[in-house]
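Asker:
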């Protein structure tokens, strides 16, 4: 984590479902689980609300990475919204390379409201991964 | 548009690691922001007053509060601005505490992050539209799932308050775990003597409809209007005719059926009434053991039954009930002793669990209250209790304390001495956890008055030696190993969630933790609510809990239901999906993806077919919005424009 | 026993060193006593395992490294298997032995001698030559007649060769030791 | 979640076919004091059609002494052997001695777990080791790769007098994350294998208690006390013979049995056999062929009653018949009482 902090911050956007992952991030905060500061969080009711276009738009408009986190399978506040999310976002992951974006810049996971430690781990690992990839340079990644 | 932004210090919680003044200064530069200030505790009464005054003074029409999590105080501030005349949806929160000040160590980076969080909230609030709730009628009946002491308390409190109650219990009788106990700590009250009257009340209360030996099949609907499908499992006895005389049980030739009520301490008959005080006191057949089912011939009970209540052809039956709120009181289970092989429970008959010992102590139990060793029915003189059998053991996935074992072990040790005066009990413990009222005094009494030997340490292995069970463990205070040749070993087995807890949670749309216990809405301030409105928790389904706490929660849940039902109409959440009929092309993809069947097709006057949202059924997940190919169906308050405004606010920085 | 002055004697560097070398976190231990309960050697130890863990948590370096317990541990892994906190206790004991050797604080000289004799037999022949190992250990330890009663039993059953069997690659094995010593400034 | 992972469901080979060839790492003990283990295990493996070959010029694994000096050194001494096997094109080693097995497994586990550690180990070696070899105990090979059915098929003789206490010793299944085999608290693989060979196996509560291991030489008293406990428990369990899978266990229980009797004032005379010797006998080999003469406490008396499978089956049938007669009467009685109640 410290090596991440020393570098220039990256722009990372997280879409978190209100019931599980946003709560998990709250729990991590209440437990004072330290995390890198790059991530900015957008609250959505359900990960099923996340339109793959949001992710693409974010990446094309200047974000270096996007994280989507929802409820665990079978623990969705809205029955199975997270299954829709998974299906769509899996597809998105396969499409990203065609847009010239390394698919490691997008991560989809699940964290429940009680899993503060898991949230800390998720944020730390994803941030670390993006710092290894560096800032998103669209033209460069397209040509390569 | 005039946005007002209030940045909270939250004492030192935010201001300690975020430069709030700098945040305010930067906020003032954002286009659309007319006013930005900081406040020590924005959620306090003067803090809220300040917001109201600023709205009037500065003519603000949109408000952002940068403070804690919206899961904490969004509702508080929505009410505040509503009082000042703004629509409550002209409000956003920027979470700069849980997501910023508490998790980042670098003040400069935290401040930057807080500024960006505010920027996003401002972008969003400027896109917000006024939304208005509509109201709908509620069904003032309540479903209570589980007829243990927590569920019964909840049911009785609701019924006494005039509500109609549907109580569903999966076993043949109400009473739950408490009905199996002999005495209760720390008063040594007879358990069934204090529980029995409650059970009778449940059976006789005109407002309570009891479904015993029944399970929840399906739950549809939303707060105020639930449709519940209940499966009445086949008992093969017509309960409308059964008088509970017990003649069938006496004559049943299949004498080796598993006795779930007694946790297998002794066998029961294939047709049985679980215990003398059972409510309802009706017989049921266990087809796994009944000769009529296993061998196709017998019919003894059918011949003997004076009211001709036996019906071998009976099948499960589904009934539907409509209610407006649900109290979940499904209780707990105990870890299977075979998961703790070093103790030999399940392998050696004289190693039993605490609940089994409870049945041996109980006057209405299989031994009529005489303590005997299961192996040879002799009276044990040396009894060893092992606490934390499975609890506090991360390596088997049970990191938590089971809450009440320390206390019931002290109780059982005391009762053992009462039953067998020349007996000696030993208790292996790690810590004695007795924080309740009168609890610690009770565990002291066990040692001081009843001479129970408490040994601070763990047991490593239990093995037979002749007729004895050798218990080998450590006394960490002595710093040595100790061995006890016991006649009987009682394991304080860990409390675990029911095996179907997750399945039930899915039906209820509530959350459960990694151990399978249900998650309350707030660990301190909303302990019986869940995140699903209309669903409440009581008892050990939320976590290991003793009787007083379970009863307290049962009453608390009942009062929550009473408060909910005190109005005739409920306000709906207006943050639901809306269809723009001008852009909808009628592909109806949304209809098939909606998890709640809340969208139907509708034919317009011009013959065009479009999607139509059933307002009361829509739960507001937004799956439809991300499914719609033309953006015609939009989840209010989380529309494409609103979310993209946040994305853009970030990316353009 | 005098009171242990914790302000002065808690050796946090030692705690960190053990944690680093063993890869285990001693603060996970909540002193349940499961390791002591199951340890076959508790009876012979000067400090039972759970107390070794406690001494470690309180940074009592000298007491631990000079203890007999760490040498009488046979790495039977019962403690590791039973620990509710998933601590590899046996590995911590192993690490403590290595540290005791390094610091020259071995209390059980016979055991160390046996191990050293074993290793030098290995270094010489590539495999263990049991007769030589026993004779050489008895000579060095001064327990000349130890296990002499077993000799006839073993010999009469043709279980032991009188001559050491040296493998072709004995040199390679010796080289492993040499490289280790050459590289290891710690053991100098 | 250690139990859930490894306990109960031992995977067993159903086909009875073993195609692959294994490396056979005998270890120093099997060349010396445990030569009967070596002899009998080879006989058993050959009978079951398991192909194996000894790695060329293997060296001592380093055992317990090496890891009291340094973890990297210990791993290097073990890895030299893994590397030899790897070069010979094999990917699995049978290590009959649990001490060797644990040391080889630990080297593999630690090297796999940390690139840094692996690099340090390889710096000490002539030839680097590329982590391509898995080590298994003989019991694991018999259960998982050969299968109980194949073992059962090879049985020709039954020894009805034998009552065996299977003694696993401490490290055969521990720690679970390393062993990845059988239950760390209540192992059953040897019970199952011996039962497949129609051997009477008793419930032995001390099947995991440590015998004192390598302390036989420097701490004889300690070992004598520990073995005393194991031996008495075996007698208490009703056993007349102990089966082992470890040279150190065998040595401490058999060779030192008289020492125990002397120091503890006991009078044990209980044979301690390698499980492979028992299997070999069941497969019809002579006591000589499974090196029974190497035992200090002889087992001849127990083996006198030796039946062929056919003889044994006839005997059992007769017994079952007798039992059935008895059972029938009981049922009739039960039905009578039922009728009475009607």
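Residue numbers (this note's numbering), protein chains in the order written: chain F, 154 to 297; chain S, 3 to 655; chain H, 126 to 313; chain G, 1031 to 1372. Cβ atoms here follow ideal geometry from the backbone N, Cα and C, with glycine treated the same way. For clarity, every value in this text was computed on a predicted model and none was experimentally measured.
Which partner residues does residue 254(S) have in the DSSP bridge list?
Answerer: Answer is none; residue 254(S) lacks a bridge partner.
Asker: Quick one: residues in its chain with C-beta nearer than 6 Å to the C-beta of residue 33(S), no 5 flanking neighbours on either side, listed in chain order?
Answerer: For residue 33(S), there are no CB contacts under 6 Å within the same chain when 5 residues up- and downstream are skipped.
Asker: Can you find a C-beta in chain H that's less than 8 Å from the C-beta of residue 482(S)?
Answerer: yes
Asker: Taking 7 Å as the cut-off, is the beta-carbon of residue 90(S) closer than that to any non-hydrogen atom of the ligand HEM?
Answerer: In the structure shown, the ligand HEM is absent, as is every other ligand, since no ligand is present at all.
Asker: Are the C-beta of residue 148(H) and some C-beta of chain S separated by less than 8 Å?
Answerer: So no, residue 148(H) is outside the interface.
Asker: Hey, does residue 230(F) have any beta-carbon neighbour from chain S nearer than 8 Å?
Answerer: yes
Asker: Along the chain, where does the alpha helix (DSSP H) containing residue 426(S) start, and where does it finish?
Answerer: Per DSSP, residue 426(S) belongs to no alpha helix (DSSP H); it is in the beta strand (DSSP E), 426-431.
Asker: Is the Cβ-Cβ distance between residue 183(H) and residue 135(H) less than 8 Å?
Answerer: yes
Asker: If I follow the unbroken beta strand (DSSP E) through residue 263(F), where does it start and stop?
Answerer: 259-263
Asker: When the Cα of residue 543(S) is compared with those of 336(S), 261(S), 160(S) and 280(S), which residue comes out closest?
Answerer: 336(S)
Asker: Please state the DSSP three-state secondary structure of residue 305(H).
Answerer: Taken through DSSP and simplified to helix, strand or coil, residue 305(H) comes out as helix.
Asker: Scan the segment 382-413 of chain S for residues whose Cβ lies nearer than 7 Å to a Cβ of chain H and list them as they occur along the chain.
Answerer: 394, 395, 396 and 397
Asker: Going by beta-carbon coordinates alone, are residue 361(S) and residue 367(S) separated by less than 8 Å?
Answerer: yes
Asker: Please confirm whether residue 173(H) has its beta-carbon closer than 8 Å to some beta-carbon of chain S.
Answerer: yes
Asker: For a contact defined as C-beta to C-beta under 7 Å, what are the partners of residue 1215(G) on chain S?
Answerer: 343 and 344
Asker: Report the CB separation of residue 230(S) from residue 323(S) in whole angstroms; it is logged as a contact under 8 Å.
Answerer: 5 Å
Asker: Is there at least one Cβ from chain S nearer than 8 Å to residue 200(H)'s Cβ?
Answerer: no
Asker: If you measure between the beta carbons of residue 149(S) and residue 177(S), is that distance less than 8 Å?
Answerer: yes
Asker: Cα separation between residue 388(S) and residue 1162(G)?
Answerer: So the alpha carbons of these two residues sit roughly 45 Å apart.
Asker: Where does residue 395(S) fall in DSSP's three states?
Answerer: Strand.
Asker: Looking at chain H, is there any beta carbon in it that lies within less than 8 Å of the beta carbon of residue 90(S)?
Answerer: no
Asker: For the candidate residues 1118(G), 1177(G) and 1336(G), whose alpha-carbon lies nearest to that of residue 1159(G)?
Answerer: 1118(G)
Asker: Could you tell me which residues DSSP puts in a beta bridge with residue 458(S)?
Answerer: Residue 458(S) is bridged to 431(S).
Asker: Whose Cβ in chain G lies nearer than 9 Å to the Cβ of residue 259(H)?
Answerer: 1247
Asker: For residue 56(S), name the three-state secondary structure that DSSP assigns.
Answerer: helix
Asker: Where does residue 244(S) sit, in a helix, a strand or coil, going by DSSP?
Answerer: In the displayed model, residue 244(S) falls within coil according to three-state DSSP, outside both helix and strand.
Asker: If we cut at 8 Å on Cβ distances, does residue 275(H) have a partner in chain G?
Answerer: yes
Asker: State the Cα-Cα distance for the pair residue 155(F) and residue 133(S), rounded to the nearest angstrom.
Answerer: Reliability fails at residue 155(F), whose pLDDT of 42 lies under 50, so the model's placement of it is uncertain and the value that follows must be treated cautiously. Their Cα atoms are separated by approximately 45 Å.
Asker: How many angstroms separate the CA atom of residue 646(S) from the CA atom of residue 630(S)?
Answerer: Roughly 16 Å between the two C-alpha positions.
Asker: Going by the CB atoms, is the gap between residue 1187(G) and residue 1311(G) shorter than 8 Å?
Answerer: yes
Asker: Name, please, each residue of chain G whose Cβ falls closer than 8 Å to the Cβ of residue 203(H).
Answerer: 1200, 1204, 1238 and 1240
Asker: Measure the CB-CB distance between residue 146(S) and residue 331(S) and report whether it falls below 8 Å.
Answerer: yes
Asker: Starting from residue 271(F), follow the alpha helix (DSSP H) in both directions and report where the run begins and ends.
Answerer: 269-286
Asker: Excluding sequence positions up to five away, which residues of its chain have a Cβ less than 7 Å from the Cβ of residue 1220(G)?
Answerer: Once the five neighbours on either side are set aside, the close Cβ partners of residue 1220(G) are 1169, 1196, 1198, 1273, 1275 and 1305.
Asker: Taking just the CA atoms, how far does residue 312(S) sit from residue 255(S)?
Answerer: 15 Å
Asker: In chain order, what residues of the same chain lie with their CB nearer than 6 Å to the CB of residue 591(S), ignoring the 5 residues before and after it?
Answerer: 629
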